[in-house]
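*Asks:*
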Amino acid sequence: MAGLVAPPPLTASGWMRFDAIRRALRVVAPRSILEIGVGEGALAAWLARRYEYVGVEIDARSRAVAAARVRAAGSGVVVAGIDTVHGRAFDLVCAFEVLEHIEDDVAALREWRELLTPGGAMLLSVPAHPEMFGPVDARVGHFRRYDARGLDGALEHAGLSAVHVECYGAFLGHAIDRAQNLLAARQAHARDRSAGTATSGRYAQPANRITALVRAGAAVPFRIAQLPFRDTEIGIGYVVLARAKADR
Numbered sequence: 121m122a123g124l125v126a127p128p129p130l131t132a133s134g135w136m137r138f139d140a141i142r143r144a145l146r147v148v149a150p151r152s153i154l155e156i157g158v159g160e161g162a163l164a165a166w167l168a169r170r171y172e173y174v175g176v177e178i179d180a181r182s183r184a185v186a187a188a189r190v191r192a193a194g195s196g197v198v199v200a201g202i203d204t205v206h207g208r209a210f211d212l213v214c215a216f217e218v219l220e221h222i223e224d225d226v227a228a229l230r231e232w233r234e235l236l237t238p239g240g241a242m243l244l245s246v247p248a249h250p251e252m253f254g255p256v257d258a259r260v261g262h263f264r265r266y267d268a269r270g271l272d273g274a275l276e277h278a279g280l281s282a283v284h285v286e287c288y289g290a291f292l293g294h295a296i297d298r299a300q301n302l303l304a305a306r307q308a309h310a311r312d313r314s315a316g317t318a319t320s321g322r323y324a325q326p327a328n329r330i331t332a333l334v335r336a337g338a339a340v341p342f343r344i345a346q347l348p349f350r351d352t353e354i355g356i357g358y359v360v361l362a363r364a365k366a367d368r
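Following this note's numbering from start to finish, the sequence shown increments by one per residue and tops out at 368.
1) How is SER195 classed by DSSP in three states: helix, strand or coil?
2) Hey, quick one: how far does the alpha helix (DSSP H) through MET136 stretch, first residue to last?
3) Are the beta-carbon atoms belonging to ALA165 and ASP211 less than 9 Å from one another?
4) When burial is assigned at 16 or more other CB atoms within 10 Å of the CB, is ILE344 buried or exposed?
5) In angstroms with no decimal places, state the Cα-to-Cα distance between TYR358 and GLY194.
6) Roughly how many angstroms separate the alpha carbons of ALA324 and THR131, rounded to a whole number?
7) Thinking just about the alpha-carbon of each residue, which of GLU155, GLU234, LEU347, GLY207 is nearest to the one in TYR171?
8) How many angstroms separate the CA atom of ALA310 from the CA atom of MET136?
9) Is DSSP giving THR237 helix, strand or coil here?
10) If the criterion is Cβ atoms closer than 9 Å, does the pair ASP297 and ARG264 meet it?
11) For ALA336, I'd like the list of residues in its chain whose CB is within less than 6 Å of its CB, leaving aside the five on either flank, ordered along the chain.
12) Quick one: which unbroken alpha helix (DSSP H) runs of 4-plus residues sit fully inside the stretch 200-253? Chain order, please.
13) In this structure, does DSSP put ILE156 in helix, strand or coil?
14) Tell me, to the nearest whole angstrom, how far the beta carbon of ALA362 is from that of VAL246; I am working on the premise that it is less than 8 Å.
15) Roughly how many whole angstroms lie between the Cα atoms of GLY355 and ALA144?
16) On the DSSP letters alone, give me the boundaries of the alpha helix (DSSP H) that GLU353 sits inside.
17) State buried or exposed for ALA346, treating a residue as buried only when at least 16 other CB atoms are found within 10 Å of its CB.
18) Take LEU167 as the anchor and find which of GLU223, LYS365, ARG146 has the nearest alpha-carbon.
19) Go ahead and pull the three-state DSSP assignment for GLU286.
20) Decide if GLN300 is buried, meaning its Cβ has at least 16 other Cβ atoms within 10 Å, or exposed.
21) State buried or exposed for LEU302, treating a residue as buried only when at least 16 other CB atoms are found within 10 Å of its CB.
22) Going by DSSP, what residues sit across from SER182 in a beta bridge?
23) Where do the N-terminal and C-terminal ends of the alpha helix (DSSP H) with GLY293 fall, by residue?
24) Mind checking HIS277: buried by the 16 CB within 10 Å criterion, or exposed?
25) Just the C-alpha distance for THR331 and PRO255, rounded to the nearest angstrom, thanks.
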């Protein structure tokens with residue numbers, strides 16, 4: 121029974137953007153979804169239970185975990201590269217905390233746009249506020265954090281137009297960022313950006329089901345507290361719903 125399905129095993133930050141993602145899904149009402157950069161599949165299994173789902177994850181270790189979770193959901197598939205889905209089209213292309221890992225973000229957005237059905241949409245989340253770029257961003261392989269103007273410009277150059285943007289993570293998100301930056305600053309890093317990106321899908325994941333349930337419960341009051349601020353810049357990231365321009 122759907123009501124007995126456990127909540128997705130999201131990170132604390134993942135819970136802060138989850139409601140914005142759900143609101144966008146209700147707006148689009150897609151039948152088919154492509155998720156790029158699924159990590160360990162915390163959200164993938166949740167999506168696969170509700171939509172025709174394909175996920176892409178380049179890191180083999182993360183992909184194995186994600187594929188197992190999607191199989192347990194009873195439908196959907198996780199593949200190793202986006203080239204395997206070229207020629208297909210999806211009602212919604214998603215990429216959560218992925219675009220900031222790609223040096224040429226406009227080229228990536230253009231490639232993803234070509235995978236949309238006519239009238240399809242793109243749903244993204246990205247870290248906000250370039251001035252907040254810190255040790256944890258470097259550790260997980262970020263090229264940038266976005267401000268509203270930079271995000272809108274990247275979409276514009278890729279032939280996309282934002283139809284709705286929410287800022288997530290007010291209050292709790294800032295505390296999480298500070299704690300993670302303090303920890304990352306104390307750790308030695310002998311990895312390059314690509315290595316950080318490869319392992320980012322495993323960063324700060326709940327260690328087990330009990331931890332995941334505790335996080336889900338603890339996040340509830342903070343998810344509510346951030347609601348009045350979703351149309352402001354008070355937060356740590358953006359969730360943006362975009363569509364291809366008519367002159368595509």
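Even for Gly, the Cβ is constructed at its ideal location relative to N, Cα and C.
*Replies:* Considering the structure as presented:
1) Your numbering for residue 195 matches position 75 in the sequence shown. Three-state result, SER195: coil.
2) Position 16 of the sequence shown, counted from the start, is the residue given in the question as residue 136. Note, MET136: alpha helix (DSSP H), 132-148.
3) Numbered from 1 along the sequence shown, position 45 holds the residue referred to as residue 165. Numbered from 1 along the sequence shown, position 91 holds the residue referred to as residue 211. Not a contact, by the Cβ cut-off of 9 Å.
4) Here the question's residue 344 lines up with position 224 in the sequence shown. Exposed, since its Cβ has fewer than 16 Cβ neighbours within 10 Å.
5) Translated into positions along the sequence shown, residue 358 becomes position 238. Translated into positions along the sequence shown, residue 194 becomes position 74. Taking the straight line from one Cα to the other gives about 31 Å.
6) Indexing the sequence shown from 1 puts residue 324 at position 204. Indexing the sequence shown from 1 puts residue 131 at position 11. Using only the alpha carbons, I get a separation of about 6 Å.
7) As a first step, residue 171 is located in the sequence shown; it is residue number 51 there, counting from the start. TYR171 has its Cα closest to that of GLU155, out of GLU155, GLU234, LEU347, GLY207.
8) Locating residue 310 in the sequence shown gives position 190, counting from the first residue. Locating residue 136 in the sequence shown gives position 16, counting from the first residue. Because ALA310 sits at a pLDDT of 46, beneath the cut-off of 50, its placement in the model cannot be relied upon, and the point is left open.
9) Walking along the sequence shown from the start, residue 237 turns up at place 117. Three-state result, THR237: strand.
10) Here residue 297 refers to the residue found at position 177 when the sequence shown is read from its first residue. Here residue 264 refers to the residue found at position 144 when the sequence shown is read from its first residue. For ASP297 and ARG264, no; Cβs fall outside 9 Å.
11) Residue mapping note: residue 336 aligns to position 216 of the sequence shown, counting from 1. For ALA336, where only same-chain residues beyond five positions count, the Cβ hits under 6 Å are PRO127.
12) 225-233
13) As a working mapping, residue 156 is identified with position 36 in the sequence shown. Residue state, collapsed to three classes: strand.
14) Here the question's residue 362 lines up with position 242 in the sequence shown. Here the question's residue 246 lines up with position 126 in the sequence shown. About 12 Å; that fails the 8 Å criterion.
15) The count along the sequence shown starts at 1 and reaches residue 355 at position 235. The count along the sequence shown starts at 1 and reaches residue 144 at position 24. Going from the Cα of GLY355 to the Cα of ALA144 covers about 18 Å.
16) On the sequence shown, position 233 is the one that residue 353 refers to. Segment: none, GLU353 is in no alpha helix (DSSP H) and carries neither H nor E.
17) By one-based count along the sequence shown, residue 346 stands at place 226. Looking at the sequence provided, one finds Gln at residue 346 rather than Ala. Result: buried.
18) Against the sequence shown, residue 167 aligns to sequence position 47. Here the closest residue by C-alpha is ARG146.
19) To locate residue 286, count along the sequence shown from 1; it is residue 166. Strand, per DSSP.
20) What you label residue 300 is simply residue 180 of the sequence shown in a count that begins at 1. The residue is buried, with at least 16 neighbouring Cβ atoms inside 10 Å.
21) The residue given as residue 302 occupies position 182 in the sequence shown. The residue in question, LEU302, is exposed, as its Cβ has fewer than 16 Cβ neighbours within 10 Å.
22) For this step, residue 182 is matched to residue 62 along the sequence shown. Note: SER182 sits in no beta bridge, so no partner.
23) In the sequence shown, the residue the question calls residue 293 occupies position 173. Residues 292-306.
24) Taking the first residue of the sequence shown as 1, we reach residue 277 at position 157. So HIS277 counts as exposed.
25) By one-based count along the sequence shown, residue 331 stands at place 211. By one-based count along the sequence shown, residue 255 stands at place 135. About 25 Å.
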